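Participant:
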Amino acid sequence: MGTNDIVKFEALSPAEFFRRNREIAGFSNSTRAVYQTIRELVENSLDATETFKILPSIKIYIDYADQSRSWVSIYVEDNGIGIPGDEIPNVFGRVFYSSKYRIKQHRGIFGLGAKMVVLYAQSTTNTPILVRSAPLKSDVIYEYQLMIDITKNEPVIVSQRTLENKYGWHGTAIKVVLEGDWSKAKRRVEEYLRRTAMVAPYAEFVLRGPDEDDAIKIPRVTTKMPDPPEEGLPHPKSVDVELIKQLIQRDPNTPLLEFLVENFDGVGETIAKTFLDFVGLPPDMPVGKLVNDELVNFVTKMREFNGWRRPRADWLSPIGEDILAEGVKFVLRPRLYLQSLGSRVRTWVIHSLSRQRWLGVGLSSPVINRLSIGLLIRFR
Ligand SMILES: Nc1ncnc2c1ncn2[C@@H]1O[C@H](COP(=O)(O)OP(=O)(O)O)[C@@H](O)[C@H]1O
Ligand SMILES: [Mg+2]
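Residue numbers (our numbering): 911 to 1290.
As structure tokens, then:
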């Protein structure tokens, strides 16, 4: 009897993995699913705007699609850079497909969020996602209805057409119908938008829910934006053998000196030469000649060498104190706002109208990162 008769072996596609384990990605129940859907779509919208210095205008419309079955439709539209037409199916239909696997600050990192939205929608309502997108200066708007072939982790194009882009629109609009509890998710969504507005006061948000009192409009309070992040290179101390192998494969004939200068953060010719001296390798040796143990040794030496420059932070885009201040002031409406200067830890104290006191601590100048504003503590 062969092993196959006793146990059955099979591969699990990434899409199937996340369909089975959707709670890992925040889609654990019908309330969380609504919140998480809006959040994933809004984060994508912010990435598609602020990273490219476009002042974000984001519209979110929620409606009951079929109240007897608690189906809600969620529509999110942005004025971002859009998505090239031929990328749209993969972007929404293939788990782990992204433009953000780079050393650059983004909200998205995994290439998963948009696909979770599609997976959840089709698992609960069996309806496709509707995507409309126009890249910058595009003459046409691409429209797709998409689902995912979960076993193959591939997009299924349900329909596709192009529309004339009469008004020069650019951006992305998405509509999805899923099983969800809007009334329970509402407060969380609103809170999320307010917090996001605090760290992105240059964005405007319109949220329109199905009920009359559901509308909120968060205006843009400043047109100042942080400088967009630049793409970074790996720091030479952070490498491992696999990364070096991948870089070598791109062009095995590159001389070692050039290889170091081109591929790593903060490495100039002088530093590269000093390092190669330290390892005992000639600068003009083609990098592809490093094999097996030599390669491991090269990587070990890269980590041991103390002559590298400190990592740069160009791939981050710190919000900066002034813009953060505008956001915090607008959203929390403090009576008193203090911003201490010149210390490593910056603090500000707010006496809000609701008679609660807030102490915010943003760690270390000059970077109060947009991704974490430090601590916001409520006290009496
Ligand atoms: N609103 C949008 N505007 C422009 N590009 C988008 C938008 N939504 C998604 N994308 C593209 O689709 C990719 C996949 O999105 P997603 O699945 O959420 O993963 P991630 O955001 O982690 O990359 C993004 O990397 C981006 O290139
Ligand atoms: Mg995302």
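We treat Cβ as the ideally placed atom computed from N, Cα and C, and that holds for glycine.
Computed from a prediction, not measured in an experiment: that's the story for all the values here.
Starting from residue 1087, trace the beta strand (DSSP E) both ways and give me its first and last residue.
Facilitator: Here the beta strand (DSSP E) through residue 1087 covers 1081-1089.
Participant: Which two residues bound the contiguous beta strand (DSSP E) that contains residue 1135?
Facilitator: No beta strand (DSSP E) contains residue 1135, which DSSP labels as neither H nor E.
Participant: Mind checking residue 1260: buried by the 16 CB within 10 Å criterion, or exposed?
Facilitator: Any reading at residue 1260 is ruled out, since the residue's pLDDT is 49, under 50, leaving its predicted position unreliable.
Participant: Check for me: the alpha helix (DSSP H) holding residue 1015 runs from which residue to which?
Facilitator: Unbroken run through residue 1015: none, as it is neither H nor E.
Participant: Grouping DSSP H, G and I as helix and E and B as strand, with all else coil, what is residue 1072?
Facilitator: Of the three classes helix, strand and coil, the one that applies to residue 1072 here is strand, per DSSP.
Participant: If you count every other CB in all the chains shown that lies within 10 Å of the CB of residue 1263, and 16 or more means buried, which is it?
Facilitator: With a pLDDT of only 41 at residue 1263, under 50, the local geometry of the prediction cannot be trusted, and the value read off the model is given with reservation. With fewer than 16 Cβ atoms within 10 Å of its Cβ, residue 1263 is classed as exposed.
Participant: Applying the criterion that 16 or more other CB atoms from any shown protein chain within 10 Å of the CB defines a buried residue, is residue 1282 buried or exposed?
Facilitator: For residue 1282, the predicted model reports a pLDDT of 40, less than 50, meaning its position is unreliable; a value from the coordinates is still stated below. Answer is exposed; the Cβ neighbour count stays below 16.
Participant: Given a cut-off of 8 Å, decide if residue 1169 and residue 1188 are closer than it, judged by their beta-carbon atoms.
Facilitator: The answer is no: Cβ separation not under 8 Å.
Participant: Identify which residue in 1096, 1006, 1151 and 1139 has its Cα closest to the Cα of residue 1060.
Facilitator: Ranking the options by Cα distance to residue 1060, first place goes to 1006.
Participant: Any heavy atom of ligand 2 within a distance shorter than 7 Å of the CB on residue 1023?
Facilitator: Under cutoff, so the answer is yes.
Participant: State yes or no: is the C-beta of residue 948 within less than 8 Å of the C-beta of residue 1099?
Facilitator: It is a contact, given that the beta carbons lie within the stated cut-off.
Participant: Three-state secondary structure (DSSP) at residue 1051?
Facilitator: Correct three-state label for residue 1051: strand.
Participant: In three-state DSSP terms, what is residue 1043?
Facilitator: Correct three-state label for residue 1043: strand.
Participant: For the segment 914-948, which segments carrying the alpha helix (DSSP H) assignment without a break, of at least 4 residues, lie completely within its bounds, in sequence order?
Facilitator: The qualifying runs are 924-930.
Participant: What separation, rounded to the nearest whole angstrom, lies between the Cα atoms of residue 997 and residue 915?
Facilitator: Looking at the two C-alpha atoms, the distance is approximately 42 Å.
Participant: Look at the alpha carbon of residue 1220 and the alpha carbon of residue 1029, and state the distance between them as a whole number of angstroms.
Facilitator: About 42 Å.
Participant: Residue 1173 and residue 1200: beta carbons closer than 8 Å?
Facilitator: No, the pair does not count as a contact, with Cβ atoms beyond the cut-off.
Participant: When the Cα atoms are used, what is the spatial distance from residue 974 to residue 1047?
Facilitator: In a straight line, the C-alpha of residue 974 is about 34 Å away from that of residue 1047.
Participant: Give me the Cα-Cα distance between residue 925 and residue 1004, rounded to the nearest whole angstrom.
Facilitator: Distance between the alpha carbons of residue 925 and residue 1004 is about 7 Å.
Participant: Does the distance between the C-beta of residue 1010 and the nearest non-hydrogen atom of ligand 1 fall short of 7 Å?
Facilitator: Result yes, Cβ under 7 Å from ligand 1.
Participant: Note the first and the last residue of the continuous beta strand (DSSP E) segment covering residue 976.
Facilitator: Residue 976 -> beta strand (DSSP E) spans 967-976.
Participant: Tell me whether residue 1018 counts as near ligand 2, meaning its Cβ is closer than 7 Å to at least one heavy atom of that ligand.
Facilitator: Under cutoff, so the answer is yes.
Participant: Residue 953 to residue 1239, Cα distance in whole Å?
Facilitator: Approximately 22 Å, taken between the alpha carbons.
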